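Heads up: the structure comes next, in structure tokens.
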Amino acid sequence: MKRGCLKLLLLAFSLFTAAGSSAGPLMEPIKPLPLDSAQNPSRVSIGRHLFQDARLSANGRVSCASCHDLAKGGADGRVRSVGFNGQLTAMNAPSVLNAALNFRQFWNGRAASLEEQVDAVVQNPTEMGSKWTEVVTRISSDPVYHRTFAASYADGVTRANIESAIATFERTLITPNSPFDRYLRGDTNAISAEQKAGYLKFKQYGCIACHQGVNVGGNMFQKFGVMGDYFANRGKPTDADLGRYLVTRDETDRHVFKVPSLRNVALTAPYFHDGSAATLGEAVDVMFKYQLGRFASAEDKTVIVKFLNSLTGQLPPQPP
Amino acid sequence: MSIRSRLIWIAMALVALLLASILTLLYVRTQGHESNYFEKVALLRQLKQLDARWELDVLKSRTGVETNYDFLVDPLVEFSQLQSELGRLLPYRLNGTSSDALVTAIRDFHRAIENKTQLIEHFKSHNSVLHNSLAFLPTAAADAQDAITHVPGANGALKRLSADVGAILLVSMEFSQAPADDKAAEIGAGLDRLSRMNGTMPVPVQQAADIFASHVRTVLREQPVVDTLLSEIAAVPTGVSIDVLDNDLRGEQLATESQAQVYRRYLLLFAAALVTLFLYAALSLIRSRAVINRINRVALATSQKRLEIATQGMHIGIWESDLVTGDVWCNDECYRMIGREPDATLKTMDAWMALVHPDDKPNFERIVAAQKGNSGEDFRIHYRLRCKDGSYRWVMSQACAMDRSSDGVATRISGVRFDITELKEMEHQLASAQRLESIGQLAAGVAHEINTPIQYVNDSIYFIREAVQELLAYVQQAPGRAGAAPNSELTYLQDNLPPALDRAIEGLGRVSEIVTSMKEFSHPDQREMAPIDLNRAIQSTLIVARNEYKYVATVTLELVEVPPVMCFGSQINQVVLNLIVNAAHAIADRVKGTEATGVITLKTYREGNDVVLSVADTGSGIPESIRDRIFEPFFTTKEVGRGTGQGLTMVRNCVVKAHRGTVHFQTATGLGTTFFVRLPIESVARVSTELAA
Chain A
9 MKRGCLKLLL LAFSLFTAAG SSAGPLMEPI KPLPLDSAQN PSRVSIGRHL FQDARLSANG
69 RVSCASCHDL AKGGADGRVR SVGFNGQLTA MNAPSVLNAA LNFRQFWNGR AASLEEQVDA
129 VVQNPTEMGS KWTEVVTRIS SDPVYHRTFA ASYADGVTRA NIESAIATFE RTLITPNSPF
189 DRYLRGDTNA ISAEQKAGYL KFKQYGCIAC HQGVNVGGNM FQKFGVMGDY FANRGKPTDA
249 DLGRYLVTRD ETDRHVFKVP SLRNVALTAP YFHDGSAATL GEAVDVMFKY QLGRFASAED
309 KTVIVKFLNS LTGQLPPQPP
Chain B
6 MSIRSRLIWI AMALVALLLA SILTLLYVRT QGHESNYFEK VALLRQLKQL DARWELDVLK
66 SRTGVETNYD FLVDPLVEFS QLQSELGRLL PYRLNGTSSD ALVTAIRDFH RAIENKTQLI
126 EHFKSHNSVL HNSLAFLPTA AADAQDAITH VPGANGALKR LSADVGAILL VSMEFSQAPA
186 DDKAAEIGAG LDRLSRMNGT MPVPVQQAAD IFASHVRTVL REQPVVDTLL SEIAAVPTGV
246 SIDVLDNDLR GEQLATESQA QVYRRYLLLF AAALVTLFLY AALSLIRSRA VINRINRVAL
306 ATSQKRLEIA TQGMHIGIWE SDLVTGDVWC NDECYRMIGR EPDATLKTMD AWMALVHPDD
366 KPNFERIVAA QKGNSGEDFR IHYRLRCKDG SYRWVMSQAC AMDRSSDGVA TRISGVRFDI
426 TELKEMEHQL ASAQRLESIG QLAAGVAHEI NTPIQYVNDS IYFIREAVQE LLAYVQQAPG
486 RAGAAPNSEL TYLQDNLPPA LDRAIEGLGR VSEIVTSMKE FSHPDQREMA PIDLNRAIQS
546 TLIVARNEYK YVATVTLELV EVPPVMCFGS QINQVVLNLI VNAAHAIADR VKGTEATGVI
606 TLKTYREGND VVLSVADTGS GIPESIRDRI FEPFFTTKEV GRGTGQGLTM VRNCVVKAHR
666 GTVHFQTATG LGTTFFVRLP IESVARVSTE LAA
């Protein structure tokens with residue numbers, strides 16, 4: 009019965025697709041970023057300070073901004089980042105920009121929210137290596153924080169409120185008005201003809217199958233190496249390569265990662281969880297080989313890279 | 006308040022509190038705890054709708070209608086919001102009397118959503134891969150076939166290969182619509198044939214064929230996965246969980262509702278019982294009030310009646326006076342006592358004061374002032390009150406303080422008032438009777454003492470008269486005297502001595518008569534009734550009273566022989582004396598200033614068993630207006646000193662009370678008045694101590 013219904017629905021949708029194929033140019037699988045994200049301004053302010061505050065780390069050497077430099081596209085440009093005591097982190101630092109729009113946080117999606125992400129980083133023995141009780145003590149001993157927290161949160165400085173403030177700040181780190189977004193909003197001259205051609209190729213080759221939605225990715229998991237064994241070819245397997253398997257211990261999740269957002273992708277080299285692709289061109293090559301299982305011409309790849317460059321948006325002005 | 010009544014109050018308060026508590030409890034129970042039931046139901050509907058939309062979006066992704074997977078992510082945020090909302094609405098159930106089924110259902114729902122989320126995550130991954138391969142498959146096949154056609158002089162094997170690629174494409178497309186094992190086997194066989202030709206194909210063909218084959222394998226791998234995931238997603242019992250929740254909630258709501266219904270019924274019954282109780286209490290109250298009122302009324306009426314009878318029968322006046330305001334209340338008897346209708350017109354002290362006899366006023370005022378001054382003096386006073394007709398009645402008032410101010414001064418007094426006129430009269434009569442008695446005794450004594458000298462004076466006078474006559478005769482015939490010229494001196498003596506002596510004898514006789522009459526009139530020794538000759542009594546009284554009438558009237562006696570009458574002689578004499586004196590006064594009033602005289606006629610005669618004595622005068626009669634009152638004590642028309650107003654009162658009391666006789670009178674203005682005293686001959690012996698005394 010259920011199966012019959014399903015088929016009927018499938019048929020109905022096929023017909024609908026045939027009839028609706030002449031949809032307007034704006035009905036694209038990619039949606040423009042929201043132009044503003046209203047957040048509690050005082051909490052945002054606290055979060056902004058905390059984001060740059062090295063007291064979150066055990067020895068006061070690193071802050072969030074150490075690895076997520078807003079000036080560098082919300083990442084640090086390194087293959088792997090340097091933790092509080094100089095150790096390298098397990099994976100390449102993903103951008104904090106538009107992270108609020110990712111369906112989960114981290115490469116393997118182990119955090120369901122930005123708050124959880126903050127929590128994990130602060131306590132990560134490589135990254136910040138802190139204990140929350142110490143962090144809360146350090147932060148609340150600062151009279152400015154003491155005052156601003158008391159004004160914004162009923163219970164003042166707490167672990168949850170620190171997480172909340174940072175996450176609130178991060179929710180403002182949206183980069184709207186990229187050329188491509190302007191194009192999506194109807195400004196047909198916002199991107200070049202080559203970029204338009206690149207977008208077409210992006211869709212035709214099937215990149216769009218995973219990199220879609222408002223964040224051009226960041227809304228699903230995918231196996232790295234669907235059409236070929238990336239890790240075998242790369243060599244030197246690491247724990248981090250196991251991806252989501254580390255979270256779920258499900259065999260089917262082996263090498264499965266969150267599809268990263270391609271927003272501001274031109275700013276966030278190197279690419280992939282292992283930072284193995286130094287340029288966008290290399291990254292596109294890897295994608296064609298292991299994800300799409302297809303062969304593309306150099307011209308096609310070039311216009312695709314050009315299209316990807318149109319995804320760089322504008323960070324709202326940050327106070328000094 | 007006694008301990009007992011305090012206990013009763015406490016018990017009643019407790020009962021009232023208990024009833025109020027029950028009422029409140031029932032009321033609270035009838036108020037649905039499930040006021041947010043509809044909110045929850047709405048939430049469940051929302052969840053269900055969201056779930057359905059989620060599934061729909063999955064299908065859209067599956068069919069390629071929707072290529073944006075944000076649609077499959079967004080519900081997660083909504084789900085977590087709605088679920089926390091559900092947690093907010095249900096927590097008290099989870100730790101309260103919540104049914105296990107509900108808890109289980111909620112837990113199942115959470116699990117189902119988690120499960121579904123996972124499945125959808127997988128679905129997204131596999132679906133996107135499958136879509137890409139399926140979409141690319143025709144192109145890949147065309148690429149491979151193109152490559153073959155571009156091979157110069159393609160052999161039969163290559164052409165078969167081209168046909169195989171086409172066949173595999175077709176079966177793969179079919180497989181993608183309806184995955185079946187036979188088709189999978191067919192595709193597998195095709196792929197095997199393809200791989201057997203590895204190494205025999207030109208490089209471009211080999212490359213294209215590899216790409217084609219890998220995508221076919223992808224379809225072959227991913228299609229069943231996606232289909233399985235789809236059916237698994239469809240099989241996740243989110244809807245069931247929601248329905249269970251919904252049913253459970255509805256069941257609970259129904260149970261609560263029916264419970265509330267039961268409580269409402271209880272409330273209704275309880276309220277009805279309470280109302281009945283209140284009505285019963287009110288009725289009882291009214292009834293007992295009525296009973297108390299009736300009893301009170303009867304008791305009051307009885308008591309009032311008794312008081313009325315007592316006060317009226319005893320002629321007791323009862324009064325109250327507010328000494329501060331001067332207001333006075335008094336009963337009807339106070340009015341009747343002074344000949345007024347009880348019209349409640351005398352309401353103040355001043356009004357009563359105006360009625361007090363001028364002679365008694367100072368004393369009265371002093372007593373009242375004494376009460377106000379708290380001197381401790383009893384309010385007990387005899388005084389006269391003026392009646393409506395102007396006469397005065399003696400009354401006695403006795404009172405005591407009812408209310409006192411804080412410093413002990415009487416502010417309100419209450420008292421009784423008696424008419425003591427008769428008492429006063431008796432006092433007077435007693436006094437005059439005592440006076441008369443002593444006068445009588447004195448008179449009798451004087452008469453006795455006078456009698457003896459009169460006797461020998463009388464004998465001596467008789468002897469002197471005899472001696473004077475013999476002496477005169479001797480002187481006339483004596484020697485020396487014969488022939489002598491008559492001596493004028495001697496002649497005078499001879500002529501006047503005998504008559505003088507005769508007059509002396511006559512005067513002595515009168516003295517003797519008066520003395521005797523006085524003795525008879527006073528009857529000093531008579532304590533009991535005795536037969537009295539009324540005519541003789543009249544005669545002796547006339548002698549005693551002669552001085553009263555002799556200048557204004559002559560007395561005519563028309564006395565016939567009557568039998569002796571049983572009576573108190575001295576009293577009857579007093580009666581006759583009073584009547585004669587009144588007659589004389591009446592005539593004197595008439596003839597005053599003239600030389601004329603009147604006539605007093607005394608008659609006695611017998612009528613049956615009575616002897617009647619009448620005394621008639623030729624005065625001016627009794628005026629019409631006072632005829633009714635002439636017997637009243639102290640009623641008099643005479644000037645002070647001439648009468649006391651007690652004469653006729655004494656006459657009536659003596660005749661009527663002591664002798665069972667009657668007194669009446671006839672009067673005609675200008676002609677005179679006649680009093681008739683009728684006395685029974687055989688009077689019933691009746692000792693009136695107060696009068697006989």
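For the record, the sequence lines run as chains A and B.
Read in order, the letters of the first sequence are residues 9 to 328 in the numbering used here.
Read in order, the letters of the second sequence are residues 6 to 698 in the numbering used here.
Glycine included, each C-beta is placed from N, C-alpha and C at the ideal position.
All of these numbers come straight from a predicted model, not from anything done at the bench.
Could you tell me whether the region 174-189 of chain A touches the region 39-49 of chain A, using the rule of 3 or more Cβ pairs below 8 Å?
-> yes
Is the CB-CB distance between Val-549(B) and Phe-526(B) below 8 Å?
-> Result yes, Cβ atoms of Val-549(B) and Phe-526(B) sit closer than 8 Å.
Please determine, among Glu-346(B), Ser-402(B), Ala-146(B), Ser-89(B), the residue with the shortest C-alpha to C-alpha distance to Asn-368(B).
-> Nearest option by C-alpha distance: Ser-402(B).
Member of Thr-276(A), Tyr-238(A), Ala-98(A) whose CA lies at the smallest distance from the CA of Arg-262(A) = Tyr-238(A)
If you pair each beta-carbon of the region 264-271 of chain A with each one of the region 105-112 of chain A, do three or more pairs fall below 8 Å?
-> Contact between the region 264-271 of chain A and the region 105-112 of chain A is present, because at least three Cβ pairs lie under 8 Å.
The alpha helix (DSSP H) with Asp-79(B) in it runs from where to where?
-> 75-94
Name the residue from Arg-190(A), Leu-58(A), Met-136(A), Ala-98(A) whose alpha carbon lies nearest to the alpha carbon of Ile-147(A).
-> Comparing alpha-carbon positions, the option among Arg-190(A), Leu-58(A), Met-136(A), Ala-98(A) lying closest to Ile-147(A) turns out to be Leu-58(A).
Taking C-beta to C-beta, are Asp-594(B) and Gly-626(B) nearer than 8 Å?
-> no
Start-end ranges of the alpha helix (DSSP H) lying completely within the region 273-317 of chain A, minimum 4 residues = 288-294, 306-317
Flag this pair as yes or no: are the beta carbons of Ser-246(B) and Phe-128(B) separated by less than 8 Å?
-> no
Under 8 Å by beta carbon: chain A residues contacting Glu-126(B) | Met-228, Phe-229
So, does the CB of Phe-217(B) fall closer than 8 Å to a CB anywhere in chain A?
-> Taking Cβ atoms only, chain A never reaches closer than 8 Å to Phe-217(B), which makes this a no.
According to DSSP, is Glu-454(B) helix, strand or coil?
-> helix
Answer yes if the region 562-582 of chain B comes into contact with the region 535-554 of chain B, meaning at least three C-beta pairs across the two stretches below 8 Å, and no otherwise.
-> Short answer: they touch.
Gln-54(B) Cβ short of 7 Å to the ligand ZN heavy atom set = Among the ligands in the structure shown, none appear at all, so the ligand ZN cannot be discussed.
Of all the residues that make up the region 202-221 of chain A, which are near chain B by a beta-carbon distance shorter than 8 Å?
-> Per Cβ criterion, the list reads Gly-214, Ile-216, Ala-217, Cys-218, Gln-220, Gly-221.
Residues of chain A with a CB under 9 Å from the CB of Ser-246(B): which are they?
-> Per Cβ cutoff of 9 Å: no residues; Ser-246(B) is ~17 Å from chain A at best.
Hey, is Met-235(A)'s beta-carbon within less than 8 Å of any beta-carbon in chain C?
-> As a matter of chain content, chain C is missing from the structure shown, whose protein chains are A and B.
Is the shortest distance between the beta-carbon of Arg-9(B) and the beta-carbons of chain A less than 8 Å?
-> no
Quick one: what's Ser-53(A) bridged to in DSSP?
-> DSSP, once it has assigned bridges, lists no residue as partnering Ser-53(A).
Could you give the distance in angstroms between the alpha-carbon of Thr-678(B) and the alpha-carbon of Val-596(B)?
-> 15 Å
Looking at C-alpha atoms only, which residue of Val-108(B), Ser-133(B), Leu-77(B) is the closest neighbour of Lys-121(B)?
-> Leu-77(B)
Chain A contact residues for Phe-141(B), given Cβ-Cβ distances below 7 Å = Gly-214, Arg-302
When you check each C-beta in the region 161-190 of chain A against every C-beta of chain B, which residues fall closer than 9 Å?
-> Going along the region 161-190 of chain A in chain order, one finds no residue with a Cβ nearer than 9 Å to chain B.
Enumerate in chain order the residues of its own chain whose CB-to-CB distance from Leu-564(B) is below 6 Å, with the five nearest sequence positions on each side excluded.
-> Asn-540, Thr-609
When Cβ atoms are compared, which residues of the region 120-143 of chain A fall closer than 9 Å to chain B?
-> Ala-120
Please say whether Arg-389(B) and Trp-399(B) have beta carbons closer to each other than 8 Å?
-> yes
Alpha carbon to alpha carbon, how far is His-281(A) from Trp-115(A)? Give it in angstroms, no decimals.
-> 7 Å
CA nearest to the CA of Glu-83(B), picked from Tyr-74(B), Gln-54(B), Ala-218(B) = Gln-54(B)
Quick one: does Tyr-32(B) have its CB under 8 Å from some CB of chain A?
-> Cβ-Cβ to chain A under 8 Å: no for Tyr-32(B).
Expressed to the nearest angstrom, what Euclidean distance is found between the alpha-carbon atoms of Thr-145(A) and Ala-66(A)?
-> 12 Å
In this structure, does DSSP put Cys-405(B) in helix, strand or coil?
-> strand
Val-78(B): contacting residues in chain A (beta-carbon distance under 7 Å) | Phe-111, Asn-227
Tell me whether Leu-109(A) sits in a helix, a strand or coil according to DSSP, three-state version.
-> helix
Leaving out the 5 sequence neighbours to the left and right, which residues in its chain are closer than 7 Å to Phe-636(B) when beta-carbon positions are compared?
-> Leu-653, Thr-654, Arg-657
Taking 8 Å as the CB-CB limit, is Tyr-42(B) close to chain A?
-> Taking Cβ atoms only, chain A never reaches closer than 8 Å to Tyr-42(B), which makes this a no.
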